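Which chain is which? The protein sequence lines are W and R, in order. Per my numbering, the very first residue in the first sequence carries number 1; after that it's consecutive. Per my numbering, the very first residue in the second sequence carries number 1; after that it's consecutive. In this text, a Cβ means the ideal position worked out from N, Cα and C, and glycines have one as well. None of these values were measured; they are calculated from a predicted model. Take a look at the structure below.
There are 2 protein chains.
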Amino acid sequence: MTHPTPWLDIAPDSDFSLHNLPFGIFSVGSEPPAVGVAIGEWIIDMAAASRFGVLYPSQVPESVFQEKSLNALIALGRPVAREVRDILQEQLTQTDSVLHQFSERILIRQADATMHLPVAIGDYTDFYSSLEHATNVGELFRPKNPLLPNWKHLPVAYHGRASSIVVSGTTIRRPSGQILPSGATEPIFSPSQALDYELELGFVIGKNSALGVPVSTDEAEDYIFGCVLFNDWSARDIQRWEYQPLGPFLSKNFASSISPWVVMLDALGAFRVAGPEQVPEPLPYLQTEGALNFDLNLEVAIKPQTSETVVCRTNARHLYWNIRQQIAHHTISGCNLRAGDLLATGTISGSHDSAGPSSGCLLELTEGGKKPILLSDGTERTYLQDGDEVIMRGYAERDGLRVGFGEVRGAISLP
Amino acid sequence: MTHPTPWLDIAPDSDFSLHNLPFGIFSVGSEPPAVGVAIGEWIIDMAAASRFGVLYPSQVPESVFQEKSLNALIALGRPVAREVRDILQEQLTQTDSVLHQFSERILIRQADATMHLPVAIGDYTDFYSSLEHATNVGELFRPKNPLLPNWKHLPVAYHGRASSIVVSGTTIRRPSGQILPSGATEPIFSPSQALDYELELGFVIGKNSALGVPVSTDEAEDYIFGCVLFNDWSARDIQRWEYQPLGPFLSKNFASSISPWVVMLDALGAFRVAGPEQVPEPLPYLQTEGALNFDLNLEVAIKPQTSETVVCRTNARHLYWNIRQQIAHHTISGCNLRAGDLLATGTISGSHDSAGPSSGCLLELTEGGKKPILLSDGTERTYLQDGDEVIMRGYAERDGLRVGFGEVRGAISLP
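Okay, here's the thing in structure tokens:
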């Protein structure tokens, strides 16, 4: 298959292809943050593009691109963002385009920019949608009872903390809290000794739903703006002591990291695949048909001061519950969604029979800290050490089309 | 003790005394919502007051009072709101004041106004801080294991849903969801048959804390702007099936209701009392001394079409964990608070030996739906029926001072 060729020089393995064009918030020097679109190694300064007339005939006001979050753009609706993406694709392939003419004043090197949190997140919900993850973790927390009876009937989820979601690159402070030492009956106060990452995708909600009115699986994707990589940092020792009966709290709320570029759902459409078979059949409000999962290659690397080691390779296609089901379930009670909300998938782990390690967190990979993994610098890890940087990457590739998320990274600092 | 007398006629049992002066968001007719302060049966239109010079010499810009939420005022810091309250108290007691002179253009009857959600809530956290509630509910959900081992070591909490928090008076749609019928192994889809209220207080956060930096118990109250009544509606049958292992989700996220007037912490200072003794002694970061609970009388009434029946009388003084401990715990992981966040106490139930029913929810009061309560119209309730209105009220009274919250009410409609 052949695809249009941009006049910009874009590496064939770039995450930010002509087909992708994700939105983000960037700044250069002391300039205020504003909206940009990634292409190859460049950022399209969208306020400048708008000023020069690149976006004609779209009616998006320039002010939307001068905001420090994508929320104002998102609030215009995905059809508007889609139109902007369509126009940019055209302008990037035509050498007589306004964008080409003024490219020196509109394009900025990513290397020269600082990225910011792309969305002012309202509510953040974390699902638990990987069967492999739920089973593996369940075995560690509840050996006799790993997969609870509700798991295959509904996409289990809990509300998370929005205030502590930070953009890729932000240093993560090791959390302290209450921990029950093995064999003890009284907790101690300590920095977490079991600091973990969780490999997830996050979906950014693009449209408000009405309080009291469920969103059906058929309508669900209209409510999604785009997708990011998401690292839901977790302190397993704090979690183990606190999580009964109301779920994880401090073990999760100290930080989550997201990738800076929001990939529009439209850019992912070409990479749909069927998800796992669902047995038992879900209740009618959760039933979906067709190829609704996304074939996204995901990996996690740990990088101490020296070189990085890829410790996980998996794929989002393994997720048991798809995003339509997550949205239909989330709203079946009447709970409303708002543009700017974030729905994360929960840790994505591969099937047991995949080649190589496919577990999306160290809790699984080291079997609760019992089996250390070896890094390329010769050191071992059960959980993260101070100074370790965790890097997650994700991309889809098919028929010569490539769409990637870039990275979400974060290094651990002292408590 | 004698207290200053306002020139306005205020009933001695009014919740909105000269000492109170809570902030809220009101509108009249088709005018846009704006900031008001309650006094007796009146609202001080704060934008008008500012325009006429009532607030001199404070420097609060009038625009802060033209907002549709209190967030801009809160962001100025509690000392600013305290100064405004002090000035209003003075203006309301001096007959030669600007407020008195222009009272016809500044004061609005509450009966003529519509109240709105007072705060644009960022993150909402729900604690579980009543020992009586945790014990009673624990007995119903886990008969062998009512109070879990962590409960007396930390203020258990979970993150709740902010988008569905509504102001008093908003009709609550009965949620539907998955329910596991008694004795069944497969869930059914049904409107909740066990719809409940939960009597709580909510604390509105007034100041941002830094990510990664815990707030100590000593500093904690500087981070509180004020307090509201809070009804955390709950669907017990949905909760029972979904809540393991990550906590309540749909059973709580369909709606919570808050009272429209935010009572400043300064107005509650006169009503402090010591809380229950804490054994075992909490870890150092949770230790507090002195009278840190609030002596607030609370009640719940159920009102079908006919007359209301008070079904619960209790007091916030019974809470095991105080607000300083809640904030210190919430932030000990490094989780940051933001002005506009809401921290709710969890259901407030009285001690078992209190006279009369003191349980803050029907789950407790009817022992899980097994023992119906009788209403004054002769009907019985285990859980709420369509058309029932739930009304919560709260006030403090001491030495001739009275400070009240008004009401939070909500009626149940069909799913």
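Item to check | Inter-residue Cα distance where the pair is Leu-319 of chain R and Gly-275 of chain R | outcome: Along the second sequence, read from residue 1 onward, the residue named residue 319 of chain R stands at position 319. Along the second sequence, read from residue 1 onward, the residue named residue 275 of chain R stands at position 275. Their Cα atoms are separated by approximately 7 Å.
Checklist entry - So the alpha helix (DSSP H) Asn-136 of chain W belongs to, where does it begin and stop? => result Counted from its first residue, the first sequence places residue 136 of chain W at position 136. Its alpha helix (DSSP H) spans residues 131-141.
Next on the checklist: So, for Asp-232 of chain R: in the same chain, excluding its five sequence neighbours on each side, which residues have a beta-carbon less than 7 Å away from its beta-carbon?
Outcome noted: As a first step, residue 232 of chain R is located in the second sequence; it is residue number 232 there, counting from the start. These residues qualify, in order along the chain: Asp-126, Glu-198, Glu-200, Lys-252, Ser-256 and Ala-344.
Checklist entry - Closer than 8 Å, CB to CB, is Gly-177 of chain R near chain W or not? => result By 1-based counting over the second sequence, the position of residue 177 of chain R is 177. Yes, Gly-177 of chain R counts as interfacial toward chain W.
Checklist entry - In whole angstroms, what separates the C-alpha of Ala-11 of chain R from that of Gly-202 of chain R? => result Position 11 of the second sequence, counted from the first residue, corresponds to residue 11 of chain R. Position 202 of the second sequence, counted from the first residue, corresponds to residue 202 of chain R. Whole-angstrom Cα-Cα distance: 26 Å.
Checklist entry - Smallest Cα separation from Ser-163 of chain R: which of W:Phe-23, W:Gly-183, W:Leu-211 and W:Leu-154? => result Position 163 of the second sequence, counting from 1, holds the residue named residue 163 of chain R. Restricting attention to W:Phe-23, W:Gly-183, W:Leu-211 and W:Leu-154, the CA atom closest to the CA of Ser-163 of chain R is found in W:Leu-211.
Checklist entry - Is Ala-162 of chain W close to chain R, meaning its C-beta is less than 8 Å from at least one C-beta of that chain? => result As a working note, residue 162 of chain W is residue 162 in the first sequence. It does; some Cβ of chain R falls within 8 Å.
Item to check | Delimiting residues of the beta strand (DSSP E) encompassing Gln-178 of chain R | outcome: Position 178 of the second sequence, counted from the first residue, corresponds to residue 178 of chain R. Per DSSP, the continuous beta strand (DSSP E) segment holding Gln-178 of chain R begins and ends at 176-179.
Item to check | Asp-266 of chain R, enclosing beta strand (DSSP E) - first and last residue | outcome: Here residue 266 of chain R refers to the residue found at position 266 of the second sequence. No beta strand (DSSP E) contains Asp-266 of chain R, which is instead part of the alpha helix (DSSP H) from 265-268.
Item to check | Bounding residues of the beta strand (DSSP E) (the contiguous stretch that carries Leu-342 of chain W) | outcome: Here the question's residue 342 of chain W lines up with position 342 in the first sequence. Segment 342-344, the beta strand (DSSP E) holding Leu-342 of chain W.
Checklist entry - Taking the DSSP output, what are the residues bridged to Gly-160 of chain R? => result Numbered from its first residue, the second sequence carries residue 160 of chain R at position 160. For Gly-160 of chain R, the beta-bridge partners assigned by DSSP are R:Tyr-124.
Next on the checklist: Classify Phe-189 of chain W: buried if its beta carbon has 16 or more other beta carbons within 10 angstroms, exposed otherwise.
Outcome noted: What you label residue 189 of chain W is simply residue 189 of the first sequence in a count that begins at 1. Classification for Phe-189 of chain W: exposed.
Item to check | Close Cβ partners of Trp-321 of chain R (< 6 Å) along its chain, the five nearest in sequence each way excluded | outcome: In the second sequence, residue 321 of chain R corresponds to position 321, counting from 1. If we look at Trp-321 of chain R and ignore the five residues flanking it on each side, its Cβ neighbours are Ser-129 and Pro-155.
Checklist entry - At what residues does the alpha helix (DSSP H) containing Ala-47 of chain R begin and finish? => result To locate residue 47 of chain R, count along the second sequence from 1; it is residue 47. Judged by DSSP secondary structure, Ala-47 of chain R falls within the alpha helix (DSSP H) whose first and last residues are 46-52.
Checklist entry - Should Leu-154 of chain W be flagged as near chain R, meaning a C-beta pair shorter than 8 Å? => result For this step, residue 154 of chain W is matched to residue 154 along the first sequence. So, interface residue.
Checklist entry - Rounded to a whole number of angstroms, what is the C-alpha to C-alpha distance between Tyr-243 of chain R and Leu-140 of chain W? => result By 1-based counting over the second sequence, the position of residue 243 of chain R is 243. By 1-based counting over the first sequence, the position of residue 140 of chain W is 140. Tyr-243 of chain R and Leu-140 of chain W have their C-alpha atoms roughly 19 Å apart.
Item to check | Reduced DSSP category for Asn-145 of chain W - H, G, I as helix; E, B as strand; rest coil | outcome: The count along the first sequence starts at 1 and reaches residue 145 of chain W at position 145. Collapsing the DSSP output to three states places Asn-145 of chain W in coil.
Checklist entry - Who does Lys-303 of chain W pair with in a DSSP beta bridge? => result Position 303 of the first sequence, counted from the first residue, corresponds to residue 303 of chain W. According to DSSP, Lys-303 of chain W shares a beta bridge with W:Glu-389.
Item to check | CB of His-159 of chain W within 8 Å of CB of Arg-161 of chain R, strictly | outcome: Taking the first residue of the first sequence as position 1, residue 159 of chain W is located at position 159. Taking the first residue of the second sequence as position 1, residue 161 of chain R is located at position 161. The Cβ atoms of His-159 of chain W and Arg-161 of chain R lie closer than 8 Å to each other.
Checklist entry - So what does DSSP say about Trp-42 of chain W, is it helix, strand or coil? => result As a position in the first sequence, residue 42 of chain W is number 42, starting the count at 1. DSSP places Trp-42 of chain W within a strand segment (E or B) once states are collapsed to three.
Checklist entry - Which partner residues does Cys-227 of chain R have in the DSSP bridge list? => result Within the second sequence, numbered from 1, the residue matching residue 227 of chain R stands at position 227. Among the bridge pairs identified by DSSP, Cys-227 of chain R is matched with R:Phe-203 and R:Val-263.
Next on the checklist: Does any residue of chain W have a CB that is nearer than 8 Å to the CB of Asp-218 of chain R?
Outcome noted: Along the second sequence, one-based indexing puts residue 218 of chain R at 218. No, no contact with chain W.
Item to check | Separation of Asp-112 of chain R from Gln-101 of chain R, as counted between CA atoms | outcome: Looking up residue 101 of chain R in the second sequence gives position 101. Looking up residue 112 of chain R in the second sequence gives position 112. Answer to the nearest angstrom: the Cα atoms are 21 Å apart.
Next on the checklist: So, for Val-84 of chain W: in the same chain, excluding its five sequence neighbours on each side, which residues have a beta-carbon less than 7 Å away from its beta-carbon?
Outcome noted: Stepping through the first sequence from its first residue, residue 84 of chain W is reached at position 84. Scanning its chain for C-beta atoms nearer than 7 Å, with the 5 sequence neighbours on each side dropped, one finds around Val-84 of chain W the residues Leu-55, Ser-58 and Val-60, in chain order.
Item to check | Buried or exposed by the 16-neighbour rule on C-beta atoms within 10 Å, applied to Asn-145 of chain R | outcome: Counting from 1 along the second sequence, the entry for residue 145 of chain R is found at position 145. With fewer than 16 Cβ atoms within 10 Å of its Cβ, Asn-145 of chain R is classed as exposed.
Next on the checklist: Please state whether the Cβ-Cβ distance between Ala-134 of chain W and Leu-147 of chain W is less than 8 Å.
Outcome noted: As a first step, residue 134 of chain W is located in the first sequence; it is residue number 134 there, counting from the start. As a first step, residue 147 of chain W is located in the first sequence; it is residue number 147 there, counting from the start. Yes, these two residues count as a Cβ contact at 8 Å.
Checklist entry - What residues from chain W crowd round Trp-233 of chain R, counting only those whose CB sits closer than 9 Å? => result The residue labelled residue 233 of chain R in the question sits at position 233 within the second sequence. Those within 9 Å of Trp-233 of chain R in chain W number zero; the least Cβ separation is about 10 Å.
Item to check | Per-residue burial, Glu-186 of chain W [other beta carbons within 10 Å of its own, 16 or more giving buried] | outcome: The residue labelled residue 186 of chain W in the question sits at position 186 within the first sequence. Counting the other Cβ atoms within 10 Å of the Cβ of Glu-186 of chain W gives fewer than 16, which makes it exposed.
Checklist entry - Contact check, Gly-122 of chain R vs Arg-338 of chain R under 8 Å by CB: the rounded distance? => result By 1-based counting over the second sequence, the position of residue 122 of chain R is 122. By 1-based counting over the second sequence, the position of residue 338 of chain R is 338. Between Gly-122 of chain R and Arg-338 of chain R the beta-carbon gap is near 5 Å, inside 8 Å, which marks them as a contact.
Item to check | Proximity of Ser-359 of chain W and Cys-312 of chain W at Cβ, strictly below 8 Å | outcome: Here residue 359 of chain W refers to the residue found at position 359 of the first sequence. Here residue 312 of chain W refers to the residue found at position 312 of the first sequence. Taking 8 Å as the cut-off, the beta carbon of Ser-359 of chain W is found closer than this to the beta carbon of Cys-312 of chain W.
Next on the checklist: Taking DSSP's pairing of strands, which residues face Arg-166 of chain W in a bridge?
Outcome noted: Here the question's residue 166 of chain W lines up with position 166 in the first sequence. According to the sequence displayed, residue 166 of chain W carries Val and not Arg. Residue pairing from DSSP places Val-166 of chain W in a beta bridge opposite W:Ser-257.
Checklist entry - Can you give the Cα-Cα distance for Asn-315 of chain W and Glu-407 of chain W, rounded to whole angstroms? => result As a position in the first sequence, residue 315 of chain W is number 315, starting the count at 1. As a position in the first sequence, residue 407 of chain W is number 407, starting the count at 1. Rounded to whole angstroms, Asn-315 of chain W to Glu-407 of chain W spans 15 Å at the Cα level.
Checklist entry - Mind checking if Asn-297 of chain W is an interface residue toward chain R, Cβ cutoff 8 Å exclusive? => result The count along the first sequence starts at 1 and reaches residue 297 of chain W at position 297. For Asn-297 of chain W, no Cβ of chain R is located within less than 8 Å of the residue's own Cβ.
Checklist entry - CA-CA distance, Gly-206 of chain W and Gly-394 of chain R? => result Here residue 206 of chain W refers to the residue found at position 206 of the first sequence. Here residue 394 of chain R refers to the residue found at position 394 of the second sequence. The C-alpha of Gly-394 of chain R is placed about 39 Å away from the C-alpha of Gly-206 of chain W.
Next on the checklist: Pairs of beta-carbons, one from the stretch 259-277 of chain R and one from the stretch 328-338 of chain R, closer than 8 Å: are there three or more?
Outcome noted: Touching, no.
Checklist entry - Taking DSSP as the reference, what is the three-state secondary structure of Ala-274 of chain R? => result Taking the first residue of the second sequence as position 1, residue 274 of chain R is located at position 274. Correct three-state label for Ala-274 of chain R: coil.
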